[in-house]
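All remarks here apply to the structure that follows.
Numbering (the numbering used here), first residue to last: 43 to 158.
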């Protein structure tokens with residue numbers, strides 16, 4: 043048994059199966075738990091997935107949105123317990139794995155075509 047098989051066996055029960063399939067170009071709403079002192083609240087981040095990387099327990103995704111004219115990117119571990127839920131609001135039609143070119147775009151040119 044090599045080290046990858048051992049790690050996969052140990053982390054198998056921690057991988058989340060309740061989340062939708064995350065594909066680059068999709069518009070998602072990520073509901074994240076925020077802890078402020080002794081209270082917890084849920085904050086939503088809506089944006090386009092520009093990158094999905096890794097696999098297994100260490101899989102992460104990055105979403106980007108424009109907020110008051112400033113581009114904001116956030117990266118989350120897919121299997122994080124701080125993610126309450128993820129909703130896919132639009133399916134994007136893209137031909138590449140990383141959408142870093144969206145960083146240079148503003149307005150309508152920053153949109154991703156919708157898959158019909």
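All residues carry an ideal CB built from backbone N, CA and C; glycine is no exception.
Integer Cβ distance of residue i from residue j, believed to fall under 8 Å
i           : j           : result
residue 156 : residue 133 : 7 Å
residue 105 : residue 72  : 6 Å
residue 56  : residue 124 : In fact, because the Cβ distance is near 14 Å, the residues do not count as touching under 8 Å.
Secondary structure of residue i, DSSP reduced to three states
i           : result
residue 78  : strand
residue 117 : strand
residue 110 : coil
residue 129 : strand
residue 145 : helix
Outcome for residue i when other beta-carbon atoms lying within 10 angstroms are tallied against a minimum of 16
i           : result
residue 84  : exposed
residue 114 : exposed
residue 70  : buried
residue 44  : exposed
Alpha-carbon spacing of residue i relative to residue j, whole angstroms
i           : j           : result
residue 63  : residue 79  : 33 Å
residue 173 : residue 65  : Residue 173 cannot be examined here, being either before or after the span of the chain that is shown, 43 to 158.
residue 152 : residue 108 : 10 Å
residue 146 : residue 102 : 23 Å
residue 112 : residue 81  : 29 Å
residue 128 : residue 92  : 15 Å
residue 116 : residue 89  : 9 Å
residue 52  : residue 100 : 13 Å
residue 46  : residue 97  : 12 Å
residue 121 : residue 54  : 11 Å
residue 135 : residue 154 : 7 Å
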